[in-house]
Amino acid sequence: RGAWDARLEALVVDSILRDEMDPSVASRISALGWSDAAPIAVVAGYAPVSDVEGALDVLRRASRNHDLMMLTGMHGDHLVALVGRITSDEQAARAARLLAPHFGPGPVVIGRRAMDFDAVGISIRAATAAVHAADAWPQAPRPVSTDELLPERAIAGDALARAELIESVYLPLAGEEHLLATAEAFLEQSPSLEGTARLLFVHPNTVRYRLGRITDITGFSATDPRGSLTLRLALMLGRTSSVD
15 RGAWDARLEA LVVDSILRDE MDPSVASRIS ALGWSDAAPI AVVAGYAPVS
65 DVEGALDVLR RASRNHDLMM LTGMHGDHLV ALVGRITSDE QAARAARLLA
115 PHFGPGPVVI GRRAMDFDAV GISIRAATAA VHAADAWPQA PRPVSTDELL
165 PERAIAGDAL ARAELIESVY LPLAGEEHLL ATAEAFLEQS PSLEGTARLL
215 FVHPNTVRYR LGRITDITGF SATDPRGSLT LRLALMLGRT SSVD
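Under our numbering, the very last position in the sequence shown is 258; numbers go up by exactly one each time.
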């Protein structure tokens, strides 16, 4: 039974990655008891070099010990775990922390929770791309989320990350010209309240308020090193996409 389930798991994970969600895949998902598994979290990293099959077995045992509903498989050199019935980002982070010690050396990435199996493939692709991109952030926590790695993913050429930065950061700011102007002045010309205020001919308190609005709208703070990196990259990507 265990070996058969492992084969079914591998087939399901591979089919999801290939976007081959046909009736046979749905049947396999049902056979594994995963028909009502959503929301589903994705955890990805490298497999231990020495014994891949052993690593998969260890990960399965760990999931049972921690009472996690999990499917796992390999995608190239990546070890991928799907954890079912994860209803919050906090639950996803906890599951990733419990499973992380059983991955190989290197980053362990948490993908966005997926509400159905069609969305799981997108989350897996983002997570595996983020595993490679994480090398650009040596101080990244382990585990780290795909959203935290948006700048590194975008620089590495991840189209999903670039689109996310444009749609969720640049376009909302571009829709409020005073916020876009404030972000540009603060991030690219004078990273201080007073300096930005002089450039824009407004009071420093106005700049402070606008920076707070930028954080509220985008989720990133211009006064935080990681946030400012993300915002600056979003501005550059947004401008070049507008030119295209």
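Think of the CB as a built atom: it goes at the ideal place given N, C-alpha and C, for glycine as much as any other residue.
Item	Value
Helix, strand or coil at Ser159 according to DSSP, with G and I counted as helix	strand
Alpha-carbon to alpha-carbon, Arg176 and Leu251	7 Å
Residue from His80, Ala140 and Asp91 with nearest C-alpha to Val56	Ala140
Contacts around Met84, its chain only, beta-carbon distance under 6 Å, and the 5 residues preceding and following it disregarded	Ser77, Ala95 and Val97
One or two residues paired with Ala55 in a DSSP bridge	Val97
Separation of Glu198 from Thr232, as counted between CA atoms	14 Å
Bridge partner(s) assigned by DSSP for His116	DSSP, once it has assigned bridges, lists no residue as partnering His116.
Spatially closest choice to Asp91 from Pro218, Ile180, Ile228 and Thr142, by CA coordinates	Thr142
Buried or exposed (CB count within 10 angstroms, at least 16 for buried), Pro152	exposed
Cα-Cα separation, Asp28 to Thr196	46 Å
DSSP-derived helix/strand/coil call for Ala24	helix
8 Å contact criterion, which Leu123 and Pro157 should meet: CB distance rounded	Just to set this straight, residue 123 is Val in the shown sequence, not Leu. Their Cβ separation, rounded to whole angstroms, is 6 Å, which keeps Val123 and Pro157 in contact under 8 Å.
Residue environment, Ala248, which counts as buried when at least 16 other CB atoms sit within 10 Å	buried
Euclidean distance between Cα positions of Leu22 and Val39	9 Å
Residue from Phe200, Ala128, Glu181 and Leu185 whose Cα sits closest to the Cα of Arg224	Phe200
Contact under 8 Å by Cβ, Ala61 with Met88	yes
Residue nearest to Ala114 in terms of C-alpha spacing, selected from Thr101, Val72 and Glu191	Val72
Cutoff 7 Å; reference Val63; Cβ partners in own chain excluding five residues on either side	Gly118
Beta-carbon spacing of Leu112, His80 below 8 Å	yes
Cβ shell of Leu213 (< 8 Å), same chain only, five flanking positions each side left out	Ala199, Gln203 and Ser204
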